[in-house]
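A.B. asks: Please find one structure pasted underneath; my questions will follow.
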Amino acid sequence: MTELLYLDTTDFELSIWCNGIEKRLDAYQKMLSSRDNSFEREYKLQFSEINSDSLQIFSQTSALTKIKINENLTALLDTPIFFENLQYQFEWIFKVPVNDVSVEHHLLTVNEAFRFSQGKTEKGARLVG
């Protein structure tokens, strides 16, 4: 499974993985090459609230790359990392004590796909889904 993104903050680490993204990315690049390339494409992550001084983002779609966050709390990516009809795995490892964590999404199946585990090791609590 390819690790697509790794976020490291003072409070948590987040890793995102996916199988099969290489085929989707290749198909996407082929589709783009057959279209008009006169406009600039941007692939970005937008954060609503985060201390950007405490955040490090690494993208591994091609090679481990540290990504900077601009003043608008946006990180620009080299390539898209989210595609329809692919299963993604998310793992949060909390660096601070937490007792309960949940995902709130309008789809119940998304909420139920995540499992919270109290920290039984030095790594701390985890949320995986």
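Position one of the sequence shown corresponds to residue 1 (the working numbering), numbered consecutively onward.
The C-beta atom is built at its ideal place from N, Cα and C for all residues, glycine as well.
It should be emphasised that the depicted structure is a prediction, and the values quoted were computed from it without experimental measurement.
#1: Quick test of the definition: if touching needs 3 or more C-beta pairs under 8 Å, does the segment 92-101 touch the segment 30-37?
#2: Would you mind sorting L107 into buried or exposed? The rule is 16 or more other CB atoms within 10 Å of its CB.
#3: How many Å lie between R133 and W17 at the Cα?
#4: Specify the secondary structure class of E22 as computed by DSSP and reduced to three states.
#5: For A27, name the three-state secondary structure that DSSP assigns.
#6: Just to confirm my understanding: we take L127, look at its own chain, exclude 5 residues before and 5 after, and list those with CB closer than 7 Å. What are they?
C.D. replies: On the basis of the coordinates in this document:
#1: Result no; under three Cβ-Cβ pairs closer than 8 Å.
#2: Taking the first residue of the sequence shown as position 1, residue 107 is located at position 107. Label assigned to L107: exposed.
#3: Given that the chain is displayed from residue 1 to residue 129, the structure contains no residue 133 and the question cannot be resolved.
#4: The residue you call residue 22 lines up with position 22 of the sequence shown. Correct three-state label for E22: helix.
#5: As a first step, residue 27 is located in the sequence shown; it is residue number 27 there, counting from the start. A27: helix per DSSP, three-state reduction.
#6: Locating residue 127 in the sequence shown gives position 127, counting from the first residue. Once the five neighbours on either side are set aside, the close Cβ partners of L127 are W92, V101, F114, F116.
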